[in-house]
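So the sequences go chain by chain: U and L.
Residue numbering for the first sequence follows numbering that gives the first Met the number 0, beginning at 0 and increasing consecutively.
Residue numbering for the second sequence follows numbering that gives the first Met the number 0, beginning at 0 and increasing consecutively.
The beta carbon of each residue, even a glycine, is placed where N, CA and C say it ideally should be.
Notes follow once the structure below has been shown.
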Amino acid sequence: MNTPALIAIQSITYAYPVHVQKRNTPSIPALQNVSLQVQRGEYLAILGHNGSGKSTLARHCNALLTPDSGRVLVAGIDTRDTEKQRTIRDMVGMIFQNPDNQIIATVVEDDVAWALAIRGLPATLITERVEEVTEAVGISHLRGKAPHRLSGGQRQRLAIAGVLALRPQCIIADEITSQLDPLSRQEIVTLLHKLHSEYGLTIIHVTHLLEEVVQAQRIIIMEQGKIVTEGTPEEIFANLDRLRQLKLLIPEPIELAARLRNAGLPISQAALTVEDIAREITR
Amino acid sequence: MKDAIIITQHLSHTYASNMSNALQKAALVDVNLEIERGSCVAIIGITGSGKSTLVQHFNGLLRPTSGKVLVNSVDINAKGVDLKRLRQRVGMLFQFPEAQLFERTVFADVAFGPQRMNLPRKEVRKRVTAALDMVGLPHREFGQRSPFELSGGQMRRAALAGVLAMSPSVLILDEPTVGLDADGRAEFYSYLRRIKAQQGVTIVLVSHDMAEVAMLANQLFVLHDGHLVMQGTPQSIFTQGEILHKWGLAAPPLSELLRLVRERGVPIPDTIFTLDEAFHWLKEKSTAEDRHQALSLQERQPGS
Chain U
0 MNTPALIAIQ
10 SITYAYPVHV
20 QKRNTPSIPA
30 LQNVSLQVQR
40 GEYLAILGHN
50 GSGKSTLARH
60 CNALLTPDSG
70 RVLVAGIDTR
80 DTEKQRTIRD
90 MVGMIFQNPD
100 NQIIATVVED
110 DVAWALAIRG
120 LPATLITERV
130 EEVTEAVGIS
140 HLRGKAPHRL
150 SGGQRQRLAI
160 AGVLALRPQC
170 IIADEITSQL
180 DPLSRQEIVT
190 LLHKLHSEYG
200 LTIIHVTHLL
210 EEVVQAQRII
220 IMEQGKIVTE
230 GTPEEIFANL
240 DRLRQLKLLI
250 PEPIELAARL
260 RNAGLPISQA
270 ALTVEDIARE
280 ITR
Chain L
0 MKDAIIITQH
10 LSHTYASNMS
20 NALQKAALVD
30 VNLEIERGSC
40 VAIIGITGSG
50 KSTLVQHFNG
60 LLRPTSGKVL
70 VNSVDINAKG
80 VDLKRLRQRV
90 GMLFQFPEAQ
100 LFERTVFADV
110 AFGPQRMNLP
120 RKEVRKRVTA
130 ALDMVGLPHR
140 EFGQRSPFEL
150 SGGQMRRAAL
160 AGVLAMSPSV
170 LILDEPTVGL
180 DADGRAEFYS
190 YLRRIKAQQG
200 VTIVLVSHDM
210 AEVAMLANQL
220 FVLHDGHLVM
230 QGTPQSIFTQ
240 GEILHKWGLA
250 APPLSELLRL
260 VRERGVPIPD
270 TIFTLDEAFH
280 WLKEKSTAED
290 RHQALSLQER
300 QPGS
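Structure follows, in structure tokens:
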């Protein structure tokens, strides 16, 4: 059966308006003839180094940006339809690098409730929803706290809760771990996977870190505004030289596994997590 | 320690609050550490653990609430200490230092510090050219460009040159590679190594990136809630993955992998730490096992 894609990006090109560009940079389009389908329930990772166009692409997925040419359909709705943009953004929520940019209230539960309140939902439903989503992201014990007293990882969870409260079908996480400690970083990636597997959310995980996407279902890599590589993690990590060429940092455990494999040891190419590689080495 | 360039003795710091005493928070509590001259040390810990507060004592940006900080055996809190000279000797590169570039040319930006030191013009020029060479932005090619036309990695190195031009004996780097891509990082590290090798500068690195720390530092200090909770070589710290978790930290992925492999019964020695070392050790082991297997096969089938 051929179910229509949740997000269909059809040969889009986009250049930032000239006043946004840095002085003297030639106006190369940030996206050039990009096509991509995101299926319902998929965990998709968009990778690329700084300036490759990955965030620009992500921002087209919920009508924060609209293409100069080509079109983007979210659940069949054209993102250029300004009257439907609110609907699109309720369906496809976005989380940014810095959680402080999307936290507005002085108490955690007020912040989560905010988007619901301005939509005029009944108070009982709001209370229920706030409970549900703070539970889902693991901050229900912090509901009465002030956001600025929370750690970076907790604030990022709060930002996720605020988006979840609107019951989106898809969440775009744009470099959401880059300001976090290593352990909070792992925890947030685990949370994204939990939202994917337990709540059936579609996840678009934008990052420049290969180690964050070894468990994604599909990876696309951007370079100079184009999609240059696409595949499962196993396919993507089969060619480390190509990843280096694309200025991505190879996680050391994966590099070690590849070198051992090349030296003739029987290490499976499917082993990409630290646990799996350890198991392969000790087999 | 034979020759410590920075020593803290029972260093505590409480941020003053003009609201009430209840809001005061101890940012550092009884920290005792010594940093050896010419070494590269890293201060690690989660956000809010006191890392930045600690390093800001090393050049007198903050003064201890109690306890002492000695730089080159001089108490930074003593009367009559020349803080300006202290800050020239202990250079600090803040987070996202490219935000501090402001001059019209790269040369002028790097020259800003030495000019304020009232050095002769020739000396300023000499220092700026040397500093730009040192960070891989040769004056001939980059000196007259606007700092705002450089790439992210180049801008950051230009900011580093500005600190180097003051000829510091200690260089404090607060999260120096955050926001740089793989290439930018690799370049930054290689220039940092060169600076250390050629100028014998002591480097104090504040970082979240454990792989970076494992690669560059020879001594680590782990802070948690303002307390110094662990110190030692990267090897000794990163083999204790579970204890690090207690402090909200994680060993670099490769150390974590080696720990799991050891747990599963392969006796990789604790001295094995880098990717190369691990590769050679595991390859050796596998070749030795193959040879062993081949030999025992021969024994079982004599004459065949």
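Check	Outcome
Rounded C-alpha distance that separates residue 13 (chain L) from residue 27 (chain L)	7 Å
Nearest residue (CA-CA) to residue 207 (chain U), options L:223, L:244, L:180	L:180
Rounded distance between the beta-carbons of residue 231 (chain L) and residue 255 (chain L), thought under 8 Å	That belief does not hold up - the Cβ atoms of residue 255 (chain L) and residue 231 (chain L) are roughly 17 Å apart, past 8 Å.
is_contact[residue 303 (chain L), chain U] using C-beta, thresh 8 Å	At residue 303 (chain L) the pLDDT is 47, less than 50, meaning the model places this residue with poor confidence; the figure from the coordinates comes in the next sentence. So, not an interface residue.
Nearest-angstrom Cα separation, counted from residue 40 (chain U) out to residue 305 (chain L)	Examination of residue 305 (chain L) is not possible in this model, given that chain L is present from 0 through 303 alone.
beta-carbon residue 156 (chain U) near the ligand HEM non-hydrogen atom, thresh 7 Å	For the structure depicted, the ligand HEM is absent and the ligand set is empty, with no information on it obtainable.
Within 8 Å, strictly: CB atoms of residue 72 (chain U) and residue 55 (chain U)	no
Limits of the alpha helix (DSSP H) - the one that residue 29 (chain L) falls within	Run containing residue 29 (chain L): none in the alpha helix (DSSP H); it sits in the beta strand (DSSP E), 24 to 35.
DSSP state of residue 153 (chain U) mapped onto helix, strand, coil	helix
Every unbroken alpha helix (DSSP H) inside the segment 186 to 262 of chain U [4 residues or more]	232 to 235, 239 to 244, 251 to 261
One or two residues paired with residue 67 (chain L) in a DSSP bridge	L:8
Beta carbon proximity, residue 281 (chain U) to chain L, threshold 8 Å	yes
Segments of 4+ residues assigned as alpha helix (DSSP H) that fall wholly inside the segment 100 to 174 of chain L	105 to 115, 120 to 133, 138 to 141, 151 to 163
With 16 other Cβ atoms within 10 Å as the buried cut-off, status of residue 87 (chain L)	buried
C-alpha gap between residue 0 (chain U) and residue 36 (chain U), whole angstroms	In this prediction, residue 0 (chain U) scores a pLDDT of 46, lower than 50, which makes its location untrustworthy; no coordinate-derived value is stated.
Buried versus exposed call for residue 261 (chain U) [16 or more other C-beta atoms within 10 Å across all chains shown]	exposed
Pair within 8 Å by beta-carbon distance, residue 218 (chain U) and residue 235 (chain U)	yes
Burial state of residue 175 (chain U) (16 or more Cβ within 10 Å)	buried
Chain U within 8 Å of residue 285 (chain L), Cβ atoms only	yes
Proximal residues, the segment 246 to 262 of chain U versus chain L, C-beta separation under 7 Å	246, 247, 248, 250, 251, 252, 254, 255, 258, 259, 262
Where residue 298 (chain L) meets chain U, residues with beta-carbon distance less than 8 Å	In chain order: nothing, as chain U lies at least about 24 Å away.
Reference residue 59 (chain L), options L:7, L:294, L:127, L:225, closest by Cα	L:7
Close Cβ partners of residue 138 (chain L) (< 6 Å) along its chain, the five nearest in sequence each way excluded	128, 131
Distance, residue 112 (chain U) Cα to residue 216 (chain L) Cα	46 Å
Residue 192 (chain U) to residue 52 (chain U) span [Cα, whole Å]	24 Å
Contact list for residue 248 (chain L) against chain U, beta-carbon separation under 9 Å	180, 181, 182
Proximal residues of chain U, C-beta to C-beta of residue 278 (chain L) below 7 Å	255, 258, 259
Integer Cβ distance of residue 246 (chain L) from residue 47 (chain L), believed to fall under 8 Å	Rounded, the Cβ-Cβ distance is 12 Å, inconsistent with contact.
Whole-angstrom distance between residue 103 (chain U) and residue 110 (chain U), CA atom to CA atom	6 Å
CA-to-CA distance, residue 63 (chain U) to residue 94 (chain U), given in whole angstroms	12 Å
Option nearest residue 200 (chain U) by Cα separation, candidates U:225, U:163, U:130	U:163
Chain-ordered residues of the segment 170 to 198 of chain L with a beta carbon less than 7 Å from chain U	180, 181, 182
When L:242, L:283, L:196 are compared against residue 36 (chain L), the one with the closest alpha-carbon	L:196
8 Å Cβ cut-off: residues of chain U touching residue 209 (chain L)	181
Contact with chain L by residue 151 (chain U), beta-carbon distance below 8 Å	yes
Inter-residue spacing [alpha-carbon to alpha-carbon] between residue 248 (chain L) and residue 182 (chain U)	6 Å
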